[in-house]
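**Q** Below is one structure. I have some questions about it.
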Amino acid sequence: MRFLTVTLNPAIDLVGETDELHIGGVNPIRPLSSHPDGKGINVAQVLRQLGADVTATGFLGADNAEPFERLLAEKQITNAFFTVNGSTRTNVKITSQQQTTDLNFTGFRVSEQEWQAFCQSSENWHNTFDCVAICGSLPQGITAEMFAQWCERLTAQGVCWVLDTSGQALAKAAAAQPFLLKPNDEELRIFAPDENVWDLQAQLHAAKRLCHGKTHYVLLSAGEKGAYLVDQTGNVLHALFPCQQLVSTTGAGDSLLGSFLAGLFAQKLTVKDALNQAVRIATRVVESPGIQWLDDPTDSRQVQNDALFIS
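Below you can see the structure in the form of C-alpha cells.
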C-alpha cells in the first residue's frame, strides 16, 4: 500500500505551555519542543510509525529546509518536496488551561511557475499511489480557486485522495469530491452558515450532505468527545477513548487521520476497528508532546462506541 501526503504550507512549530496566558502581558513559557511540522508531514509520520510505505511532497523554503529533510530521512519517509525561495513559516503553539493558542506566521510565496510544476508532477499519482492525503493550509501565491481546480483534476484522473484543510480551501475543494473529508466542527460550519443551532445533530446533518458521489466518508474530529464517522447511507460511528492528561493538542487531528487511513487501507481493518484505532492513537498523542505515542499494556482504558443513524 503506497501513501502520499501533501503539505503545501509546512511550518517550524515552537511548542510551549504556561499556567495562564495573559494577552497583552508577559508570559513565562515552559518549552516543550521545536520541530518541523505540517499536517501532511504529521500524517506521514503516523502512517510510517504504523508500518506504511509513505512519500511526502509539497513545498519547503530553501532558507530552512534542512530540518524537514533531516526529519524525513530519519523517519524513512521518501522526500518529494519542491524547494522554493524564502523560508518555511514558523508557528507558535502555547497550551494553557487545557487550551492551545496558535500564532501562525506567514512564510514563502509560491510562484505561478512553481505551482504549475507541482501540478504537473501530480499527473501520474493515480498510477503511483493508492491513497493521497492533502492536508493543511495554502501558502501565499496559491488561491483557493487554484487549489480547487487542481483537486478537480485529481478526481478526474482517478486519484483516491482525502482532504484535511479549512476556510475557502475546504469550501471550494470539497466540491471535487475527495474520498474522505476530515473537518472539525468549526471547519464543518462553513457548509452550514445559516444553521441557528450548531449542535451535534446539525453537525452530523452537514457531514451527511457532503457524503455523496465519490465522497464516501466524513471523519469529524470532536476533541475530548472523540470522533464521528459519517458515511453515505447516514450511518454514524462514534468512538471515544478517555484522555488521562492533556499535554498538547498539537497533531491530534493529524494522528486521527493518519491512523484511520493506515487501518482502513494498509491494515485492512473494518471501518469500526479503523476508527477505534484512530481515536485511541489520537488520544495517546495528546497525552504526549509531539507526534508520538506509546501503547501501555497495563492501561485498562477501552474505546467507547456508539452507533447512530441520520434520517
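Under our numbering, the sequence shown has 208 at position 217, and the numbering climbs by one with no breaks. Ideal Cβ placement from N, Cα and C applies to all residues, glycine included.
1. For the alpha helix (DSSP H) that contains A230, what are its first and last residues?
2. To the nearest angstrom, report how far apart W116 and R200 are at their CA atoms.
3. Does DSSP classify A303 as helix, strand or coil?
4. For D44 and H207, I'd like the C-alpha separation in whole angstroms.
5. Could you pull out every residue in the same chain whose Cβ sits closer than 8 angstroms to the Cβ of A108, ignoring the five residues on either side in sequence?
6. So P280 and S24 are in contact, right, with Cβ under 8 angstroms, and what is the actual spacing, rounded?
7. Got a sec: does the ligand HEM put a non-hydrogen atom nearer than 7 angstroms to the Cβ of P19?
8. For the alpha helix (DSSP H) that A2 lies in, which residues bound it at each end?
9. At which residues does the beta strand (DSSP E) containing F96 begin and terminate?
10. Taking 8 angstroms as the threshold (C-beta atoms), are T156 and S128 in contact?
11. Taking Cβ to Cβ, would you say T9 is nearer than 8 angstroms to P22?
12. To the nearest angstrom, how far is it from the Cα of L179 to the Cα of I282?
13. Under 8 angstroms between the Cβ atoms of F232 and R292?
14. Check this for me: beta carbons of A164 and L154, under 8 angstroms apart or not?
15. Can you give me the C-alpha to C-alpha distance between D245 and Q36, rounded to a whole angstrom?
16. What is the rounded straight-line gap between the Cα of C126 and the Cα of D28?
17. To the nearest whole angstrom, what separates the beta carbons of S123 and V101, a pair I think is in contact under 8 angstroms?
18. Using the beta-carbon count (16 or more within 10 Å), is D190 buried or exposed?
19. Can you look up L51 in the DSSP assignment and give me helix, strand or coil?
20. Give the straight-line distance between the Cα atoms of S93 and E177, rounded to the nearest whole angstrom.
21. DSSP has H26 in a bridge; who is on the other side?
22. DSSP on V238, reduced to helix/strand/coil?
23. Using three-state DSSP, classify Q159 as helix, strand or coil.
24. Leaving aside the five residues before and after I272 along the sequence, list all residues of the same chain whose C-beta is less than 6 angstroms from its C-beta, in chain order.
25. If you drop the 5 nearest sequence neighbours on each side, which residues of the same chain put their C-beta closer than 6 angstroms to that of K173?
26. What did DSSP end up calling S246 once you bin it into helix, strand or coil?
27. Where do the ends of the alpha helix (DSSP H) carrying L210 lie?
28. How long is the line joining the alpha carbons of L(-5) and K84, rounded to whole angstroms?
29. Helix, strand or coil: which one does DSSP assign to K84?
30. Which partner residues of A(-6) appear in the DSSP bridge assignment?
31. So the beta strand (DSSP E) F138 belongs to, where does it begin and stop?
32. Report the CB separation of L266 from A243 in whole angstroms; it is logged as a contact under 8 angstroms.
33. Alpha carbon to alpha carbon, what distance is there between N187 and I181?
**A** Reading it off the structure:
1. Careful: A230 lies outside any alpha helix (DSSP H), inside the beta strand (DSSP E) at 226 to 231.
2. 28 angstroms
3. A query on residue 303 cannot be resolved here, the shown segment of the chain reaching from -8 to 302 and no further.
4. 23 angstroms
5. F73
6. 5 angstroms
7. As presented, the structure is devoid of all ligands, the ligand HEM included, so that no description of it is given.
8. No alpha helix (DSSP H) contains A2, which is instead part of the beta strand (DSSP E) from 2 to 8.
9. Neither: F96 is in no beta strand (DSSP E) and is coded neither H nor E.
10. yes
11. no
12. 24 angstroms
13. yes
14. yes
15. 9 angstroms
16. 12 angstroms
17. Before going on, a small fix: residue 123 reads as Val here, not Ser. The pair is not a contact, with the Cβ atoms about 19 angstroms apart (cut-off 8 angstroms).
18. exposed
19. strand
20. Here the sequence assigns Asp to residue 93, which means Ser is not the residue at that position. So the two alpha carbons sit approximately 15 angstroms from each other.
21. D4
22. coil
23. helix
24. S246, S250, W284
25. D155, L210, L248
26. helix
27. Run containing L210: none in the alpha helix (DSSP H); it sits in the beta strand (DSSP E), 208 to 212.
28. 26 angstroms
29. strand
30. Position check: residue -6 holds Phe in this sequence, whereas Ala was assumed. DSSP lists V45, C122 as partners of F(-6).
31. Here F138 belongs to no beta strand (DSSP E); instead the alpha helix (DSSP H) covers 135 to 147.
32. About 15 angstroms separates the two Cβ atoms, so there is no contact after all.
33. 13 angstroms
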